[in-house]
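Q: The structure that follows is given in the form of structure tokens.
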Amino acid sequence: MYSPTVIEETVVRLLREAECRLPPDVVRSLEKAMDEEKDEIALSQLRTILANVKAATNGMLPMCQDTGLPVFFVRGRYDIKIEGAIKKGVSRATEEVPLRPNAVDPLSRHNSGDNLGAGMPPVHFEPSSEEHLDIAVLPKGAGSENWSALRMLTPAEGMSGIRKFVIECVVNAGSRPCPPTIVGIGIGGTADMACVLAKKALLRPLGSFNSDPFLADMEGDLYHDLNKLGLGPMGLGGRTTVLGVMAEKANCHTASLPVAVSLNCWAARKAFARIYADGRVRFSQVMFE
Amino acid sequence: MKAIEITSPLSESTARSLRAGDLVSLSGDVITARDEAHMRALDLHRKGVTLPFKLEDRALYHCGPIMLHDRSWKVVAAGPTTSARMNSLGPELIRAFRPRLIIGKGGMSSEVLKALSDVGCAYLAFTGGAAVLAAERLPEVLGVHWEDLGMAEAVWLMRAEKLGPMVVAMDSHGRSIFQDVETKMRKIASELI
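Those protein sequence lines, which keep their order, are chains L and H. Those letters in the first sequence? Residues 1 to 289, by my numbering. Those letters in the second sequence? Residues 290 to 482, by my numbering.
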């Protein structure tokens, strides 16, 4: 249905774009942070970040040495060949971009050398009846991924419980996930679904709001409150602690309220591709509708 | 604020002259080590085996770089990694090998802060993710040890040329900017929740 060669090529290009070019919404928001910070140390961090982003784009080099594990979100008609083609693309990108080989056995810590191995890379598939195939990649570094958290709240804890948990996550992570971070929140579903929703939220453009007005309010309030914490760029103090807060939800069990938080570092890398039935491919670093 | 220029190897008095909040740029010897290299170095030290490289008076960099071998080794991307992962190994390592500078991101524990002040060593925070700028300021690879640990975990000996600006975030006088920021943040958070 979709050509495996086209998928493979698309994955190599997606990874190159994502790793070497910071998406425009993230760059804008870092530039805006420069206007808000007054502290010399905070400004020095933002200056270095923006200079690094520019150098990475100019040289088409990975902006961060932790090129992460590439998390894929695929939407289209299921085809058994898709996963194999993505794997080939990841292995090639590891050589060609280059990416740091990060995938290891969890116990022996043996490095596969090509970012593949059991379960790698994660591919979240969403069936659709559309003719085209959408592939999104979210390379996720360990600095931020290590602060992911899931809590099974009681329904009685409600919105205020969610808010409290998110603040706790950002405070406990502190300087370590490379702030200013982007906060992805997954609410509802089952425990596993909440984690995927939190990741998926990170694909949204910064400054966008959830279509649910309650969630949109919570996103806005948390953004405002988290930026009062004074953590600042790289945790050295300042006014910019988060660049965005985005939440996604799914229905859950009447006795449950799962909440997951996925933090993304300032190097919030993402890239999108749409492969059409005629083999044409459209690339973007802004999410497709 | 202008960055203070320092060169590794450096003396104890130079390390002790650095104060939390200073901006510095570093030239000279930089040695990378993360989790696996810390464990191996300490393991050898406990057995009385001498390391194949010298950390004393030098800058230890918490970094797992992307390297390219093209006739010689070249640094592609080399930003700092999260130093807190080395918290449990830091105090023993600092006391055993006496580096003068630790470069990393995110800061380290109060036990490490104590070791810094005992030995006369400063912790420099380099901007996380600034991997391409770092690579530009690490123009020469002087050697590599323990390649069996993989690219990220191996020990890379590099020459820095004005690597920075870095912030003296933990000094040898007991001050840590990270701890100051965290204390304030927890107070604000308790009011928000």
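All C-beta atoms, glycine included, are put in the ideal place defined by N, C-alpha and C.
For the region 225-243 of chain L against the region 36-54 of chain L, are there 3 or more C-beta pairs whose distance is under 8 Å?
A: yes
Q: Check H/H327 in the structure and name its three-state DSSP category.
A: The sequence position of residue 327 of chain H within the second sequence is 38, counting from 1. If DSSP states are grouped into helix, strand and coil, H/H327 belongs with the helices.
Q: Is there at least one Cβ from chain L nearer than 8 Å to H/F467's Cβ?
A: What you label residue 467 of chain H is simply residue 178 of the second sequence in a count that begins at 1. Yes, contact with chain L.
Q: What residues of chain L sit near H/I482, judged by a beta carbon separation below 7 Å?
A: Locating residue 482 of chain H in the second sequence gives position 193, counting from the first residue. Ordered by position in chain L, the residues that pass the 7 Å Cβ test against H/I482 are K164, I167.
Q: Taking the alpha carbon of L/D25 as the reference point, which residue from L/R204, L/G279, L/L150 has its own alpha carbon closest?
A: Residue mapping note: residue 25 of chain L aligns to position 25 of the first sequence, counting from 1. The shortest C-alpha separation from L/D25 is found at L/R204.
Q: In whole angstroms, what is the alpha-carbon distance linking L/E298 and L/L61?
A: In the structure displayed, chain L extends from 1 to 289; residue 298 of chain L sits before or after that span and is not available.
Q: Could one say the Cβ of L/M63 lies closer than 8 Å to chain A's Cβ atoms, at least one of them?
A: Chain labels in this structure do not include chain A; the protein chains are L and H.
Q: From L/T254 to H/W362, what does the alpha carbon distance come to, in whole angstroms?
A: Counting from 1 along the first sequence, the entry for residue 254 of chain L is found at position 254. Counting from 1 along the second sequence, the entry for residue 362 of chain H is found at position 73. Cα-Cα distance, rounded: 58 Å.
Q: Would you identify the three-state DSSP class for L/P213, choosing helix, strand or coil?
A: For the purposes of this step, residue 213 of chain L is taken as residue 213 along the first sequence, with counting starting at 1. L/P213: helix per DSSP, three-state reduction.
Q: For the alpha helix (DSSP H) that L/G143 lies in, which residues bound it at each end?
A: Along the first sequence, read from residue 1 onward, the residue named residue 143 of chain L stands at position 143. From DSSP, the alpha helix (DSSP H) with L/G143 extends over 142-145.
Q: Please classify L/A286 as buried or exposed, where buried requires at least 16 neighbouring CB atoms within 10 angstroms.
A: Counting from 1 along the first sequence, the entry for residue 286 of chain L is found at position 286. A quick correction: the sequence has Val, not Ala, at residue 286 of chain L. With fewer than 16 Cβ atoms within 10 Å of its Cβ, L/V286 is classed as exposed.
Q: Looking only at its chain, what residues have a beta carbon closer than 6 Å to the beta carbon of L/A268, apart from the 5 residues adjacent to it on each side?
A: As a first step, residue 268 of chain L is located in the first sequence; it is residue number 268 there, counting from the start. Close CB contacts of L/A268 within its chain, under the 6 Å cut and outside five residues either way in sequence, are with V26, I182 (chain order).
Q: Residues of chain L with CB under 7 Å from H/A348, in chain order?
A: The sequence position of residue 348 of chain H within the second sequence is 59, counting from 1. Neighbours of H/A348 on chain L: none; closest Cβ ~17 Å, over 7 Å.
Q: Could one say the Cβ of H/V456 lies closer than 8 Å to chain L's Cβ atoms, at least one of them?
A: One-based indexing of the second sequence puts residue 456 of chain H at position 167. So, interface residue.
Q: Please list, in chain order, the residues of the region 175-191 of chain L that have any C-beta partner in chain H closer than 7 Å.
A: Residues passing the 7 Å Cβ filter: S175, R176, C178.
Q: Should L/Y78 go down as buried or exposed, given a rule of 16 or more other Cβ atoms within 10 Å for buried?
A: Sequence index remark: in the first sequence, residue 78 of chain L carries index 78 (1-based). So L/Y78 ends up on the exposed side.
Q: Mind checking if H/T303 is an interface residue toward chain L, Cβ cutoff 8 Å exclusive?
A: Here residue 303 of chain H corresponds to residue number 14 of the second sequence, with the count starting at 1. Chain L, which has no Cβ nearer than 8 Å to the Cβ of H/T303, makes this no.
Q: Pick from L/A250, L/R21, L/G117, L/K164: whose alpha carbon is nearest that of H/E480?
A: Counting from 1 along the second sequence, the entry for residue 480 of chain H is found at position 191. The shortest C-alpha separation from H/E480 is found at L/K164.
Q: Given a limit of 8 Å on CB to CB distance, which residues of the region 352-375 of chain H reach chain L?
A: C352, G353, P354, I355, L357, V365, A366, A367, G368, T370, T371, A373
Q: Whole angstroms are fine: how far does the CA of L/A277 sit from the CA of L/F125?
A: Here the question's residue 125 of chain L lines up with position 125 in the first sequence. Here the question's residue 277 of chain L lines up with position 277 in the first sequence. The straight-line gap from Cα to Cα measures roughly 18 Å.
Q: For a contact defined as C-beta to C-beta under 7 Å, what are the partners of H/G379 on chain L?
A: Walking along the second sequence from the start, residue 379 of chain H turns up at place 90. Chain L residues near H/G379: none, gap ~15 Å exceeds 7 Å.
Q: If you measure between the beta carbons of L/E248 and L/A191, is that distance less than 8 Å?
A: For the purposes of this step, residue 248 of chain L is taken as residue 248 along the first sequence, with counting starting at 1. For the purposes of this step, residue 191 of chain L is taken as residue 191 along the first sequence, with counting starting at 1. In this structure, L/A191 does not lie closer than 8 Å to L/E248 by Cβ.
Q: Determine which residues share a DSSP beta bridge with H/D318 and list them.
A: Mapped onto the second sequence, residue 318 of chain H falls at position 29. Beta-bridge pairing links H/D318 to H/R448.
Q: For a cutoff of 8 Å on Cβ pairs, would you count L/M234 as touching chain H?
A: The residue you call residue 234 of chain L lines up with position 234 of the first sequence. Yes - at least one Cβ of chain H is within 8 Å of the one on L/M234.
Q: Report the three-state DSSP secondary structure of H/T296 (helix, strand or coil).
A: Locating residue 296 of chain H in the second sequence gives position 7, where the first residue counts as 1. Strand, per DSSP.
Q: Taking Cβ positions only, does L/E17 come closer than 8 Å to chain H?
A: For the purposes of this step, residue 17 of chain L is identified with residue 17 of the first sequence, where counting begins at 1. False, the Cβ-Cβ gap to chain H never drops below 8 Å.
Q: If we call anything under 8 Å between Cβ atoms a contact, is L/Q65 one with H/P354?
A: In the first sequence, residue 65 of chain L corresponds to position 65, counting from 1. In the second sequence, residue 354 of chain H corresponds to position 65, counting from 1. Yes, the pair counts as a contact, with Cβ atoms nearer than the cut-off.
Q: Tell me, to the nearest whole angstrom, how far the beta carbon of L/I167 is from that of L/V259; I am working on the premise that it is less than 8 Å.
A: As a first step, residue 167 of chain L is located in the first sequence; it is residue number 167 there, counting from the start. As a first step, residue 259 of chain L is located in the first sequence; it is residue number 259 there, counting from the start. Incorrect: roughly 12 Å between the Cβ atoms, too far for contact.
Q: Between H/E425 and chain L, is any beta-carbon pair separated by less than 8 Å?
A: The residue you call residue 425 of chain H lines up with position 136 of the second sequence. Output row for H/E425: interface = yes.
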